[in-house]
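Engineer: Structure in structure tokens, see below.
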Amino acid sequence: MKNNSAMKKFLGVSMTAILAAGTIAGCGSSSKSGTSAASDTSAAVESAEGESGAASSGDTIKIGGTFTLTGDLAHSGTLAYEGAEAAVKYVNEELGGINGKNVELVYYDDEFDSGKIPSLYEKLISVDKVDLLVSPYTSALLDAAPTVDQYGKLMFSVAADSYEANNTYGQTVANIQMDDEWQGGLLWNDVAEFLCSYDDWATSDSPEKPKTVAIVNLETTYGHEVSTALNKYFSENGLDVVYEEFFDPGNADWTATISKLKQLDPDVVINTQYFDDGVKFTQQCKSMDYSADYMVIEAQGWDAMDWCNPDQGGLTPSDAKKNFLSYSVYKPTRDAESTKWLADYCKEKYNSVPGNDLICGFMAVELACKAAAKANSFEKDDLIKVLTENTFDLAGYDYKMNETGGNCADFSWGVGQYQPADLSKADTSGDDWQILWPKDLATSTPNLPFQGWD
């Protein structure tokens, strides 16, 4: 899958600077920004084995995890890393660290390789002796959970796309993105509710109320949890799923699928795919002159920063900012201090609103630090106590731990849409990103139907 070249360049510079600060990075060497890194998986493990790995040396607290920086899903994993690094900056500079101690990030590149992740988490715990843990990106969380549980630790989820680890290991995983009702489909709850609440948002320019849905899904645990949740919700609310198929990440050709969609002519097409696949699917829809009245493309909300930036692997702005729908973690109406800080950070760095992967990486570190500060402890039982007794105000939404480790706070992913004043002059900025649903957080009304490709 295509990686984010600009982020890779940034990451390489960042790692080079960190490694230059000390012979062994990832075992306590601190950079000026308060982060540390293990740059290469094998080299990092060898370095770690040669150190004592004393935790919290001096005034430093270690947060450890792995990120997918190369291989499949590197685009998204790198953005999650960038969010985690931004959170370290926020915690140190705005919150004064954790009870006066600075935080640093110790991490490895897991390459989205399930065979490497267990040993990397064992190194983080037993050799690097990190104080807090964040999870690998998305479904790779399942590979880390047994090791984390074995050592009696708690892991804060980074863009967890499945509830399977919680079903097995419970409160070992602070699953910020999911609750025990919607599980892997929770992020689609707002989209499904929006589509089924036509009478609450329809205008004179709206298409007819949708009746049929096609879902182009991922062949992952996440994809199947989404399928279960969406099919149940739609069947209970009058929408008929007329087509659904599952695809492995990196699907090379969508021609047969789009031909099938043309034949079925559903009112709604929902593409629940990772960023690169969503971009390719959308490009082929254009090349085959296909669209539905409601085009719900996950990749747009997954990475709102790069979706309309072809240099970052996205679409040209005039195509990217057509009236697609997607879920949205970033809601400009939210008044949390960290929401505003992260929005300013992304505006300055990317001239965009934050993307979901970056926000989720940020929230994992943010929650870990806020929970540890409130508990004044890194012990699992102490962290669970404060997580279950308190609601934490995070950059994307609130979190309170339920009995299985999921989120029982009142929170919403939201539905978003780009709405440029002039599509022919649309640019790569995120200034025209609007929230459509839920209504109490909306910044605009929907612009529908999809206007086609001409």
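Each residue of the sequence shown is one higher than the one before, starting from 63 at the first, in our numbering. Yeah, the Cβ is synthetic: ideal placement off N, Cα and C, and Gly gets one too.
Could you check whether the Cβ of Val341 sits closer than 7 Å to any Cβ belonging to chain C?
Structural biologist: The structure shown contains no chain C; it holds only a single protein chain.
Engineer: Where does the unbroken alpha helix (DSSP H) through Trp369 begin, and where does it stop?
Structural biologist: It spans Ala366 to Trp369 - the alpha helix (DSSP H) in which Trp369 sits, taken as one unbroken run.
Engineer: Is the separation between the beta-carbon of Tyr231 and that of Ala207 shorter than 7 Å?
Structural biologist: Yes, Cβ-Cβ distance for Tyr231 and Ala207 is below 7 Å.
Engineer: Going by the DSSP bridge assignment, what does Phe309 pair with across the sheet?
Structural biologist: According to DSSP, which records beta bridges pairwise, Phe309 is partnered with Leu280.
Engineer: Classify Asp516: buried if its beta carbon has 16 or more other beta carbons within 10 angstroms, exposed otherwise.
Structural biologist: So Asp516 counts as exposed.
Engineer: Out of Lys271, Pro508 and Glu306, which one is the CA nearest neighbour of His286?
Structural biologist: Comparing Cα-Cα distances from His286 to each of Lys271, Pro508 and Glu306, the minimum goes to Glu306.
Engineer: Can you tell me the Cα-Cα spacing of Val196 and Thr265, whole angstroms?
Structural biologist: Straight-line Cα distance between these residues: approximately 44 Å.
Engineer: Mind checking whether Leu445 and Leu216 have CB atoms under 7 Å apart?
Structural biologist: Contact: yes.
Engineer: Nearest-angstrom Cα distance between Tyr412 and Gly423?
Structural biologist: Those two C-alpha atoms are separated by around 16 Å.
Engineer: Going by DSSP, which residues form a beta bridge with Ile497?
Structural biologist: Its beta-bridge partners are Gly478.
Engineer: Asn371: which of Phe337, Cys431, Tyr152 and Glu156 sits nearest, CA to CA?
Structural biologist: With distances taken between Cα atoms, Asn371 lies closest to Phe337.
Engineer: Once you ignore the five residues that flank Ile359 on each side, which residues in its own chain have a CB closer than 7 Å to its CB?
Structural biologist: If we look at Ile359 and ignore the five residues flanking it on each side, its Cβ neighbours are Asn333, Gly340, Thr344, Phe386 and Ser388.
Engineer: In whole angstroms, give me the CA-to-CA distance for Gly478 and Asp134.
Structural biologist: Computed Cα separation, rounded: 26 Å.
Engineer: Pick from Ser439, Glu441 and Leu456: whose alpha carbon is nearest that of Leu429?
Structural biologist: Nearest C-alpha to Leu429: Leu456.
Engineer: Counting only the same chain and skipping the five closest in sequence on each side, list residues whose C-beta sits under 7 Å from that of Lys273.
Structural biologist: Counting only Cβ-Cβ distances below 7 Å, and skipping sequence neighbours, we find Leu301, Asp302 and Asp329.
Engineer: Starting from Tyr199, follow its DSSP beta bridges and name the residues at the other end.
Structural biologist: For Tyr199, which the question treats as bridged, DSSP gives the partners Val220.
Engineer: Quick check on the burial criterion: 16 or more other C-beta atoms within 10 angstroms. Buried or exposed for Lys501?
Structural biologist: Its Cβ having fewer than 16 others within 10 Å, Lys501 is exposed.
Engineer: Would you mind sorting Ser138 into buried or exposed? The rule is 16 or more other CB atoms within 10 Å of its CB.
Structural biologist: Classification of Ser138: buried, given that the 10 Å Cβ count is 16 or more.
Engineer: Can you name the start and end residues of the alpha helix (DSSP H) that Ile332 belongs to?
Structural biologist: Looking at the DSSP string, Ile332 is not in any alpha helix (DSSP H); the run it does join, the beta strand (DSSP E), is Val330 to Asn333.
Engineer: If you measure between the beta carbons of Val391 and Gly492, is that distance less than 7 Å?
Structural biologist: Cβ atoms of Val391 and Gly492: not closer than 7 Å.
Engineer: What residue range does the alpha helix (DSSP H) around Asn418 cover?
Structural biologist: Start and end: Asn418 to Ala437.
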